[in-house]
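Reviewing the structure listed below.
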C-alpha cells in the first residue's frame with residue numbers, strides 16, 4: 001500500500017533505525033537527525049511505495065537508485081554535510097546512466113542511512129521505495145539483497161566532506177574495494193547514489209516493508225509504556241540475553257585476512273553480571289557485533305542482529321558512546337530470512353567476517 | 363562576602379549553576395555577551411550555521427555574526443593549505459561592527475588535530491586591539507556542531523562569569539582559602555578552568571544534589587533517582603564518582619544539544635519510574651531523592667513514589683531535604699576530574715599504548731595540578747577503540763582521571 005512518511009513518522013523511524021546497530025546508532029541524536037526531520041517537515045511528507053506496487057505506481061520504465069552514506073558516522077558527525085550532497089550524488093548518477101531517477105530506495109534501513117534515503121527523497125521530491133538491501137546494517141556495500149539477486153553496486157556517484165565528487169563504473173565486483181580505498185583519501189565519508197536499476201527490479205530485490213517495519217519498531221520504543229526490555233524483545237521477535245555491565249573493551253589488531261576484508265579492526269567486549277552465577281558474555285565486534293558467546297558458547301551470530309539496549313534511556317547503544325561500567329541489555333534479533341540461505345550466509349554470515357567455522361545457523 | 367566558618371575554612375567551592383541557569387533562561391539575557399563565530403570547515407554551506415535554531419531571545423543578544431574559513435582536519439588527518447587570513451580579518455571587522463569582544467573558533471576535526479584553531483587564535487590575538495578568543499577543542503566533546511555550540515555559550519558567558527569570580531576570588535584571597543567551582547558532572551574545576559569554559563557549569567543542580575544525597579545516605583555507589591514534580595532524573599554513581607555523559611539536551615537552553623560533561627543518565631516519567639527502578643543497575647543500591655516540604659517532610663507526591671519503590675527495592679534509601687542544601691553538600695565533596703576524548707591515527711600496539719599514556723599524562727597533570735599535594739590521581743576510564751568503517755588507523759582514545767584526597771578530609 002502506498003502511504004506517506006511525515007515528520008512524526010520520521011521520528012519513529014529515527015528510533016527504529018537504531019535497532020541492531022552498534023557501530024553507528026545515534027544514542028544521542030544530533031543535528032544530522034534534526035536536519036532530516038526538519039527537511040521533511042518543511043518540504044512535506046514523502047510518498048512511500050510498497051515494492052509490490054512499484055511497477056503500477058511508478059510505471060514500467062521508471063528508474064530507481066539507492067541512497068546512503070558509506071564510511072564512518074563519527075567522521076560525518078565531526079565533518080557534517082553541507083546538505084547538498086544527496087541531490088548532487090543523484091544528479092551525478094543520472095549523468096552516468098543517462099536517465100533520470102524516478103524514485104529512491106534505502107541502501108540499508110539500519111542507522112543513519114535510512115534517514116539519508118528519506119532526506120534524499122524529500123529534497124528531490126521523489127517517492128521512496130519501502131524496502132532496503134540489508135534489513136539491518138552490514139559493513140560492505142555489496143552485502144545486500146540487491147547484490148544477492150545480481151544487481152550491480154555501480155555506476156555509483158558520491159560526494160565527500162570536502163565537496164569532492166567521485167563517479168565509479170565497474171563491470172567487475174570491485175566496487176566495494178575501490179570505494180573503500182577512495183573513502184580514506186576523501187575524508188572518511190561519502191554520501192552516495194548507487195545500485196541504479198529499474199524501480200520494479202530494485203524493489204523486488206529488496207527486503208519489503210523495511211521502512212514501515214522500522215518505523216513501527218521505533219513506535220514501540222517511543223510508546224512510553226515503561227522500561228520493559230522483555231516486552232521490547234517480545235514485540236521485536238528477539239531473545240534477551242540479559243542485563244550486564246561492560247567490564248572490558250579490548251582492541252586487537254587484525255592479523256592477515258582475519259577481518260574478512262572488513263573496514264575495521266577487531267574489538268572484543270566483555271560483559272559481566274552483578275550476580276557471579278550468571279554467565280559471562282563476550283561480543284566479537286567487526287564494525288557490528290558478529291558473534292555473541294555466553295560462557296564460551298556461540299549463542300548468536302551474524303546475520304542475526306546482536307544489539308545493546310540502554311535500559312535507562314531505552315535507546316540502542318552506540319559503540320562510540322559506551323564506556324566500561326555501563327549497564328546494557330543484550331538482545332538478539334533475527335535477521336531477514338533472505339540472509340539464512342546459503343548465498344545469504346556467504347555474503348553476510350560469520351565467514352564473510354573472517355570467522356570460518358563459527359556461527360549459529362537455523 | 364564569605365560567611366559561616368570563614369576562619370577555619372580551607373577552601374570555598376562555588377556552585378555557579380543556578381546563577382548561570384537564571385542568566386541563560388532570562389527573557390532578556392543581559393548577562394550574555396555578543397560573540398562572533400569563526401567556523402573552520404571544508405565547505406561554507408552546512409546543514410547548520412552557528413546560531414541556527416537558537417531561541418530568539420538568545421540570538422538577539424549573542425549573535426555577532428559568523429565567518430566561514432575553509433579548513434579543518436578530516437579523519438585521516440587531511441587538511442588544506444595555510445589559513446586564509448583575510449577571513450579572520452573579516453571576522454575581526456564583523457566583531458567590531460557587531461560590538462562583540464569575543465570570537466569563538468571551531469574547526470572540524472579539532473579533536474584529531476587542533477592546529478587550525480590554534481593558528482587562527484594566534485593570528486587574531488596578534489592583531490591590534492585583539493579580541494578575547496575561545497577555542498572549541500578546549501571544550502572537547504565529539505561531534506562538531508555540539509562542540510561549537512558549547513563554545514559559543516561559553517564565549518557568551520565568559521565576561522560575566524569572570525566578573526563574578528573576580529569578586530569571589532578577592533574574598534577567598536583575603537581569607538587565604540582556595541577557590542573551586544562545581545561543574546555539571548559533579549566534579550570541581552579550578553577558578554581558571556571555570557573562567558575559560560563556563561559552559562561546564564550550568565545545569566549543575568541535579569548532579570550536585572545527587573552527590574549530596576549519596577553522602578547523606580552513606581553510600582558511594584548507587585543508582586540515584588532525583589525526583590521533581592515533572593520527572594525523575596536518573597544518575598549512577600561508582601565509588602563516589604557520578605557516571606558522566608558528554609552530550610546534553612539542555613533545559614536551560616530550550617533543549618539545544620551541546621557538548622557538556624554532565625551526570626544525568628536518563629529522564630523517567632509516569633510508569634517508566636517504577637518499571638525502571640525495579641531493574642538492577644550493576645548491583646548498585648538505590649537512593650530516591652525528594653524535596654522537603656515547608657515542614658521538612660516529604661511532599662505527598664514524592665512520598666507516594668517512595669512507597670511504591672520500597673516495595674520493589676528493599677535496598678532503597680530515601681533522602682528528603684531541600685535541594686539547595688543537598689547541592690551545597692554535593693559541591694563540598696566534589697573531586698577534581700579530567701576527561702579527554704580525542705581521535706588519533708595509530709599504527710601498531712606501541713602507538714596505541716603511547717596515545718593512551720599521553721592522554722593519561724595530560725589528565726593526571728590536570729587533576730594533580732588542581733591543588734598540588736591535596737590529591738592523588740586514579741584512572742576511572744582508559745579505553746581505545748578503532749573508529750568503525752574506517753581503515754585509516756583512526757582511533758578514539760578516551761581517558762578519565764579523578765583526584766582522590768591524599769589525606770583525611
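Residue numbers (my numbering), protein chains in the order written: chain A, 1 to 362; chain B, 363 to 771.
Just so it is clear, CB atoms sit at the ideal spot from N, CA and C, and this is done for glycine as well.
Taking C-beta atoms as the reference points, residue 315 (chain A) and residue 18 (chain A) count as a pair closer than 9 Å. Runs of the alpha helix (DSSP H) lying entirely within the region 450-511 of chain B and spanning at least 4 residues, in chain order: 477-487, 498-501. About 21 Å separates the Cβ atoms of residue 620 (chain B) and residue 482 (chain B), ruling out a contact at the 8 Å cut-off. Here residue 156 (chain A) is bridged, per DSSP, to A:168. The beta-carbon separation of residue 45 (chain A) and residue 5 (chain A), rounded to 6 Å, stays under the 8 Å limit for a contact. Residues of the region 498-518 of chain B with a Cβ closer than 7 Å to any Cβ of chain A, in chain order: 504, 505, 506, 507, 508. For residue 475 (chain B), no chain A residue has a C-beta closer than 9 Å to its own C-beta; the minimum C-beta separation is roughly 11 Å. Take residue 394 (chain B), set aside five residues on each side of it, and the residues of its chain with a beta-carbon closer than 8 Å to its own are 385, 386, 420, 423, 424, 518, 519, 522, in chain order. By the criterion of a C-beta distance shorter than 6 Å, residue 329 (chain A) is surrounded in its chain by 229, 243, 309, 311, once the five residues flanking it on both sides are discounted. Under DSSP, residue 74 (chain A) forms no beta bridge with any residue. At a cut-off of 9 Å, the C-beta of residue 80 (chain A) has a neighbouring C-beta in chain B. Here the alpha carbons of residue 679 (chain B) and residue 669 (chain B) stand approximately 11 Å from one another.
For residue 743 (chain B), the chain A residues whose C-beta falls within less than 9 Å of its own C-beta are 323, 324, 325, listed in chain order. Annotated as proximal: residue 110 (chain A) and residue 134 (chain A), with beta-carbon spacing under 9 Å.
Interface criterion not met: the Cβ of residue 700 (chain B) is under 9 Å from no Cβ in chain A. Beta-bridge analysis with DSSP links residue 699 (chain B) to B:764.
Under the three-state reduction of DSSP output, residue 97 (chain A) falls in the helix class. Between residue 487 (chain B) and the set B:453, B:374, B:749, B:405, the nearest pair of CA atoms involves B:453. According to the DSSP assignment, residue 282 (chain A) belongs to the beta strand (DSSP E) that extends over 281-286. Looking at B:582, B:583, B:597, the one whose alpha-carbon comes closest to that of residue 589 (chain B) is B:597. In the DSSP assignment, residue 106 (chain A) falls within the unbroken beta strand (DSSP E) covering 103-106. By the rule that beta-carbons nearer than 9 Å mark a contact, residue 548 (chain B) does not touch chain A.
If you look at residue 48 (chain A), you'll find it in the beta strand (DSSP E) that goes 46-49.
Exposure of residue 710 (chain B) is indicated by the presence of fewer than 16 other C-beta atoms within 10 angstroms of its C-beta. C-alpha of residue 283 (chain A) to C-alpha of residue 235 (chain A): approximately 24 Å in a straight line.
Taking a Cβ-Cβ cut-off of 7 Å, the neighbours of residue 644 (chain B) in chain A comprise 245, 274, 327, given in sequence order. Bridge partners of residue 746 (chain B) according to DSSP: B:759. Separation of residue 72 (chain A) and residue 285 (chain A) (C-alpha to C-alpha, rounded to the nearest whole angstrom) is 15 Å. Residue-level contact by beta carbon holds for residue 287 (chain A) and chain B, with a gap shorter than 9 Å.
The beta carbons of residue 586 (chain B) and residue 572 (chain B) sit closer together than 9 Å.
The shortest C-alpha to C-alpha distance from residue 290 (chain A) to any of A:273, A:265, A:233, A:277 is the one to A:265. In the three-state reduction of the DSSP assignment, residue 127 (chain A) falls in the coil class, being assigned neither a helical nor a strand state. Shown in chain order are the members of the region 735-760 of chain B whose Cβ falls below 9 Å from a Cβ of chain A: 742, 743, 744, 745, 746, 747, 748, 749, 750, 751, 752, 753, 754, 755, 756, 757, 758, 760.
Each residue's CA atom was taken as its position, placing residue 696 (chain B) and residue 9 (chain A) some 43 Å apart. Between residue 397 (chain B) and residue 431 (chain B) a beta carbon distance of about 16 Å is seen, past the 8 Å cut, so the two are scored as non-contacting. If the five residues before and after residue 128 (chain A) are omitted, its C-beta is found closer than 8 Å to the C-beta atoms of 5, 46, 47, 48, 49, 103, 104, 105, 106, 117, 118, 121, 211, all from its own chain and listed in chain order.
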